[in-house]
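**Student:**
Protein chains: 2
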Amino acid sequence: MVKKTKDKGAEGRILAAARKVFTTKGMAGARMQDIADEAGINKALLHYYFRDKDKLFETIFMGEAQKFFPKINAIFQSDDPLFEKMEKFVSEYIEEMQENPYLPWFVINEVNRDPERFMQSVLGNDNRPKPAKFLEQIEKEIKKGTIKRISPVHLLMNLISMTIFPFVARPMITRNLRMSDLQFKQAMEQRKKEIPKFIIDAIKK
Amino acid sequence: MVKKTKDKGAEGRILAAARKVFTTKGMAGARMQDIADEAGINKALLHYYFRDKDKLFETIFMGEAQKFFPKINAIFQSDDPLFEKMEKFVSEYIEEMQENPYLPWFVINEVNRDPERFMQSVLGNDNRPKPAKFLEQIEKEIKKGTIKRISPVHLLMNLISMTIFPFVARPMITRNLRMSDLQFKQAMEQRKKEIPKFIIDAIKK
DNA sequence: ACTTTTGTTAACCATTTGGTTAAACTATAT
DNA sequence: ATATAGTTTAACCAAATGGTTAACAAAAGT
Numbered sequence: 001m002v003k004k005t006k007d008k009g010a011e012g013r014i015l016a017a018a019r020k021v022f023t024t025k026g027m028a029g030a031r032m033q034d035i036a037d038e039a040g041i042n043k044a045l046l047h048y049y050f051r052d053k054d055k056l057f058e059t060i061f062m063g064e065a066q067k068f069f070p071k072i073n074a075i076f077q078s079d080d081p082l083f084e085k086m087e088k089f090v091s092e093y094i095e096e097m098q099e100n101p102y103l104p105w106f107v108i109n110e111v112n113r114d115p116e117r118f119m120q121s122v123l124g125n126d127n128r129p130k131p132a133k134f135l136e137q138i139e140k141e142i143k144k145g146t147i148k149r150i151s152p153v154h155l156l157m158n159l160i161s162m163t164i165f166p167f168v169a170r171p172m173i174t175r176n177l178r179m180s181d182l183q184f185k186q187a188m189e190q191r192k193k194e195i196p197k198f199i200i201d202a203i204k205k
Numbered sequence: 001m002v003k004k005t006k007d008k009g010a011e012g013r014i015l016a017a018a019r020k021v022f023t024t025k026g027m028a029g030a031r032m033q034d035i036a037d038e039a040g041i042n043k044a045l046l047h048y049y050f051r052d053k054d055k056l057f058e059t060i061f062m063g064e065a066q067k068f069f070p071k072i073n074a075i076f077q078s079d080d081p082l083f084e085k086m087e088k089f090v091s092e093y094i095e096e097m098q099e100n101p102y103l104p105w106f107v108i109n110e111v112n113r114d115p116e117r118f119m120q121s122v123l124g125n126d127n128r129p130k131p132a133k134f135l136e137q138i139e140k141e142i143k144k145g146t147i148k149r150i151s152p153v154h155l156l157m158n159l160i161s162m163t164i165f166p167f168v169a170r171p172m173i174t175r176n177l178r179m180s181d182l183q184f185k186q187a188m189e190q191r192k193k194e195i196p197k198f199i200i201d202a203i204k205k
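These protein sequences, in sequence, are chains A and B. Position 83 of the first sequence, counted from 1, bears residue number 83 in this note's numbering, the numbering being contiguous throughout. Position 35 of the second sequence, counted from 1, bears residue number 35 in this note's numbering, the numbering being contiguous throughout.
#1: Exposed or buried, V2(B), counting other C-beta atoms within 10 Å across all chains shown (16 or more means buried)?
#2: Check for me: the alpha helix (DSSP H) holding P70(B) runs from which residue to which?
#3: For the segment 180 to 202 of chain A, which residues have a CB atom closer than 9 Å to at least one CB atom of chain B, in sequence order?
#4: Can you tell me whether M188(B) is buried or exposed, with buried defined as 16 or more other CB within 10 angstroms of its CB?
#5: Return the first residue and the last residue of the alpha helix (DSSP H) that M86(A) is part of.
#6: Quick one: is E99(B) buried, meaning 16 or more other Cβ sit within 10 Å of its Cβ, or exposed?
#7: Using a Cβ-Cβ cut-off of 8 Å, state whether S91(A) counts as contacting chain B.
#8: Please report the residue range of the alpha helix (DSSP H) in which A39(B) lies.
#9: Strictly under 8 Å for the Cβ-Cβ distance: is M76(B) near chain A by that measure?
#10: Do M217(A) and L159(A) have their CB atoms nearer than 8 Å?
#11: Under a Cβ-count criterion, where at least 16 other Cβ atoms within 10 Å of its own Cβ denotes burial, should N42(B) be classed as buried or exposed?
#12: Cβ of H154(B) less than 8 Å from any chain A Cβ?
#13: Do G26(B) and A28(A) have their C-beta atoms closer together than 8 Å?
#14: Hey, does L15(A) have any beta-carbon neighbour from chain B nearer than 8 Å?
#15: Kindly say whether E26(A), judged by its beta-carbon, lies nearer than 8 Å to any beta-carbon of chain B.
#16: With a cut-off of 8 Å, do at least 3 Cβ pairs link the segment 162 to 169 of chain B to the segment 163 to 178 of chain A?
#17: For a contact meaning CB atoms closer than 7 Å, what does V21(A) contact in chain B?
#18: List the residues that DSSP assigns as beta-bridge partners of I207(A).
#19: What does the alpha-carbon distance come out to for the pair M179(A) and P115(B)?
#20: A169(A) touches chain B at which residues, Cβ-Cβ below 7 Å?
#21: Using three-state DSSP, classify K204(B) as helix, strand or coil.
#22: State the start and end residues of the unbroken alpha helix (DSSP H) segment that holds S161(B).
#23: Quick check: what's the CA-CA separation for W105(B) versus Q33(B)?
#24: Have a look at T23(B), R13(B), K55(B), T24(B) and flag the residue whose alpha-carbon is nearest the alpha-carbon of A36(B).
#25: Would you please verify whether the beta carbon of V2(A) is less than 8 Å from any beta carbon of chain B?
#26: Excluding sequence positions up to five away, which residues of its chain have a Cβ less than 7 Å from the Cβ of A18(B)?
#27: Is it true that the CB of F134(A) sits closer than 8 Å to the CB of L156(A)?
#28: Which one or two residues does DSSP pair with I147(B) in a beta bridge?
#29: Output, in chain order, the set of chain B residues within a Cβ distance shorter than 9 Å of R31(A).
#30: Are the C-beta of K71(A) and some C-beta of chain B separated by less than 8 Å?
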């Protein structure tokens, strides 16, 4: 589909198109021609603004990864009480993924493809996720006796898994559970409350 | 790396090589030449045994998907009590993924790429996952009053998410939590008991 | 007005990649 | 031994794909 949206300049249209193509097909599956078509411009113009496929991809990937990670940190680093922290995490994350459903698949996919680059680029900045504080907080609550004895790492994995996985495996889930798009969206909306409730029920003494 | 493992015939070596390349790079990222090199044979021989890339991929994908899905069904359809069923699911699934760590990423990835084919091929057979019985079983337990009121669908999502997600996002997790391969393996081993315990704590009255 | 810089395109190029062909090699049957 | 069917390879081909070039158009300085 060719968009001639003249409101954005060429560069903006390229970025929007590249984002769409890369995030749905991945680096390996994306074609420069597809991006050009989607942006409604000549293929050579891609190379005028962004030297080559790698550079263009890097630009997109960084932008998307920024959406995916820093949010975690803001929550993990805050001084909120544990349960509130988890509620915020689930809620904000699901909100983000409702708007950008491709996000977790794309980021995880490309991190799997080349974990090194991920380490250096995304984690090199100050926005690398630092779960230490969160893990300590869990241990504190255990010692205080407010929650059951549980491995902080497993609790963290459970939290993240329940929040993100349904978006990664969306097609599989909707097919097998015979859910419409709307039903899926509503289910994810419910999970903003279901997941924290589930976790609190599991660990609260 | 070129293997000249003569124990398997050419066809077997091709399948093993194709499996390795496809499951790590995905359909779009896999190169026929890579598969030939990995199998230590001439590229033309690939087309002698399997007509083209699509046919070869289909063969591999079907085989891997068979590992990924039918196991679910065997457990879901059984007459075991609910908690036992969940324990078996977690335990057997993690066991399978410990042996084939690429499995969930590969299957989910390719299902995302083309959900239709997935529907027709994998789900066309009798081994399509049928969660109905499992969902009903949950509702029965709720009515019996043995577990708390919880949406069966969310409970199922939680179960699957906690079991599978760490393997899908493995590189991200090990990097951010500074885990070695061994530590990850041990953590997954622990999860065979941690996840059922977590769920039971969350829902048992 | 006109010169220079920036933006955009059509045509082209080199490499990669999936796939083919014809010949050679191997085993097996006659 | 030799014909035959199955197996394997080197060389080749055509299409796809990332990238370049040269010319042209549009803005921006002067």
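For each residue, glycine too, the CB sits at the ideal point set by N, CA and C. Please read these numbers as outputs of a predicted model, since none were measured by experiment.
**Tutor:** With the given structure in hand:
#1: In this predicted model, V2(B) has a pLDDT of only 34, less than 50, meaning its place in the structure is not dependable enough to derive any value.
#2: For P70(B), the uninterrupted alpha helix (DSSP H) segment begins and ends at 70 to 77.
#3: Flagged, chain order: A187, Q190, R191, E194, I195, K197, F198, I199, I200, D201, A202.
#4: Counting every other CB atom within 10 Å of its CB across the protein chains shown gives M188(B) a total of 16 or more, marking it as buried.
#5: Here the alpha helix (DSSP H) through M86(A) covers 82 to 99.
#6: Looking at its Cβ environment, which holds fewer than 16 other Cβ atoms inside 10 Å, E99(B) is exposed.
#7: S91(A) is outside the set of residues whose beta carbon lies under 8 Å from a beta carbon in chain B.
#8: Counting along the chain, the alpha helix (DSSP H) containing A39(B) begins and ends at 32 to 39.
#9: In the sequence on display, residue 76(B) carries Phe and not Met. Look at F76(B): its C-beta is not under 8 Å from any C-beta on chain A.
#10: Because residue 217(A) is not part of the residues shown, which for chain A are 1 to 205, the question remains open.
#11: Exposure of N42(B) is indicated by the presence of fewer than 16 other C-beta atoms within 10 angstroms of its C-beta.
#12: Judged by the 8 Å Cβ criterion, H154(B) is in contact with chain A.
#13: Pairing G26(B) with A28(A) gives a Cβ-Cβ distance under 8 Å.
#14: No, L15(A) lies away from the interface with chain B (no Cβ there is under 8 Å from its Cβ).
#15: Per the sequence shown, residue 26(A) should be read as Gly rather than Glu. Yes, contact with chain B.
#16: Result yes; three or more Cβ-Cβ pairs closer than 8 Å.
#17: Within chain B, no residue comes near V21(A); the closest Cβ sits about 12 Å away, beyond 7 Å.
#18: An answer regarding residue 207(A) cannot be provided, because it is not within the stretch 1 to 205 covered by chain A.
#19: When rounded, the distance between both Cα atoms is 14 Å.
#20: Per Cβ cutoff of 7 Å: I108.
#21: Strand.
#22: For S161(B), the enclosing alpha helix (DSSP H) covers residues 152 to 168.
#23: So the alpha carbons of these two residues sit roughly 23 Å apart.
#24: Per the Cα distances, R13(B).
#25: Since pLDDT at V2(A) reaches only 36, below the 50 mark, its modelled position is unreliable, and no value is offered.
#26: Taken in chain order, the residues that qualify are I35, L56, I60.
#27: Yes.
#28: DSSP output for I147(B) lists K204(B) as bridge partner(s).
#29: For R31(A), there are no neighbours in chain B by C-beta distance under 9 Å, as the nearest C-beta there is about 10 Å away.
#30: No - not a single Cβ of chain B is within 8 Å of the one on K71(A).
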